[in-house]
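Using the UniProt record's numbering, you'd call the opening residue of the sequence shown number 1 and step up by one each time.
So the structure is just underneath, and the comments pick up after that.
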Amino acid sequence: MKYLVTSATGDLAGRAVKHLKNFVPVSDIVVTVRSEEKAKAFRDQGLEVRIADFLDKPSLVEAFQGINRVLFVSSNDLATRKQQHQNVVEALKEAGVEYVVYMSAPNAQNSTLVVAPDHKFTEQLIMESGMDYGFARNNWYLENEVFMLKAVKNGAPLTYSAGDGRVCYALKEDYAEAAARILAGVAPKQSIYELGGEPITYEQLAQIAERALGREVKTNPVSDEEFVNTLVELGLPKEAAQFSVIVQKDIRNGLLDVPSDDLEKVLGRKPAPFDEFIRSI
Numbered sequence: 001m002k003y004l005v006t007s008a009t010g011d012l013a014g015r016a017v018k019h020l021k022n023f024v025p026v027s028d029i030v031v032t033v034r035s036e037e038k039a040k041a042f043r044d045q046g047l048e049v050r051i052a053d054f055l056d057k058p059s060l061v062e063a064f065q066g067i068n069r070v071l072f073v074s075s076n077d078l079a080t081r082k083q084q085h086q087n088v089v090e091a092l093k094e095a096g097v098e099y100v101v102y103m104s105a106p107n108a109q110n111s112t113l114v115v116a117p118d119h120k121f122t123e124q125l126i127m128e129s130g131m132d133y134g135f136a137r138n139n140w141y142l143e144n145e146v147f148m149l150k151a152v153k154n155g156a157p158l159t160y161s162a163g164d165g166r167v168c169y170a171l172k173e174d175y176a177e178a179a180a181r182i183l184a185g186v187a188p189k190q191s192i193y194e195l196g197g198e199p200i201t202y203e204q205l206a207q208i209a210e211r212a213l214g215r216e217v218k219t220n221p222v223s224d225e226e227f228v229n230t231l232v233e234l235g236l237p238k239e240a241a242q243f244s245v246i247v248q249k250d251i252r253n254g255l256l257d258v259p260s261d262d263l264e265k266v267l268g269r270k271p272a273p274f275d276e277f278i279r280s281i
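This is the structure in structure tokens:
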């Protein structure tokens, strides 16, 4: 059985490769990277490396030859993501891959979440391909809040415009381990995994930060405009701040409030608490 992880130099994919080693022999793991320069670190770990680019379909077809199960980590290039993902799915099918785990977004088929359309498109391609699949629908990474949590650690209040909206945060390490377990076949078999932690509000996140830091953390609920201005004042580029406020609106509208115990079932344990991460940033 051969297992392949795409885009292995990425943060999430790299973490998944590390966990996959705990479940299958290293000799059965293959990774793709975009250039020979990026291959050495993986070869030094005893991993087989194949060069492939999501924009180069023939390279993908070649890379997927002889592979049984693939972890497909989505592209971060929003401008070309649909074309890249179409190339990947077509190449998976042409190469005869039996099973694909696709890292998707919460409630992807029905959500209006800002990041959902490309994931809905990709899920549909996979469903229509005839391949067996598992959609690892990751909710929100706590790491996405690192900019604001760093400000909190430096004494600022936790500022948000999401109201009482709830988010099913988990850490990247847990999402990556879950994906590795699903790929390796050591998780309960499902077509769709809604992965995330217990849904919490920003008020509750502030309480978690208080516990982690051992001091009071105040909250600062604001308007969307004030939220953008606060992020810019703290040093976040305007474009990033404008994207962040779109996410705040989505949270306010309940789009990340997708409670599920799938992550716990896949991991075989409760998702990791956030205290250590908050202290470490």
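Cβ atoms here follow ideal geometry from the backbone N, Cα and C, with glycine treated the same way.
Item	Value
Alpha-carbon to alpha-carbon, residue 94 and residue 67	12 Å
Stretch-stretch touch, CB-based, cutoff 8 Å, three pairs: the stretch 136 to 150 with the stretch 98 to 106	yes
When 196, 36, 8 and 130 are compared against residue 271, the one with the closest alpha-carbon	196
Residue 20 (DSSP reduced to helix, strand or coil)	helix
Alpha-carbon to alpha-carbon, residue 280 and residue 225	30 Å
Assumed close pair residue 140, residue 267 - CB separation to whole angstroms, cut-off 8 Å	About 17 Å; that fails the 8 Å criterion.
Residues that residue 72 bridges to, as DSSP identifies them	102
Range covered by the alpha helix (DSSP H) that runs through residue 87	81 to 95
Close beta carbons around residue 211, own chain, < 8 Å, minus the five adjacent residues each side	275
Burial state of residue 246, where buried means 16 or more other Cβ atoms lie within 10 Å	exposed
From 4, 192 and 12, residue whose alpha carbon lies closest to that of residue 176	12
Contacts around residue 174, its chain only, beta-carbon distance under 7 Å, and the 5 residues preceding and following it disregarded	263, 267, 271 and 272
Cβ-Cβ separation, residue 26 to residue 46 (assumed contact under 8 Å), whole Å	5 Å
Limits of the unbroken alpha helix (DSSP H) element including residue 247	238 to 252
Pick from 222, 265, 235 and 258 that is closest to residue 110, judged by C-alpha positions	258
One or two residues paired with residue 5 in a DSSP bridge	31 and 71
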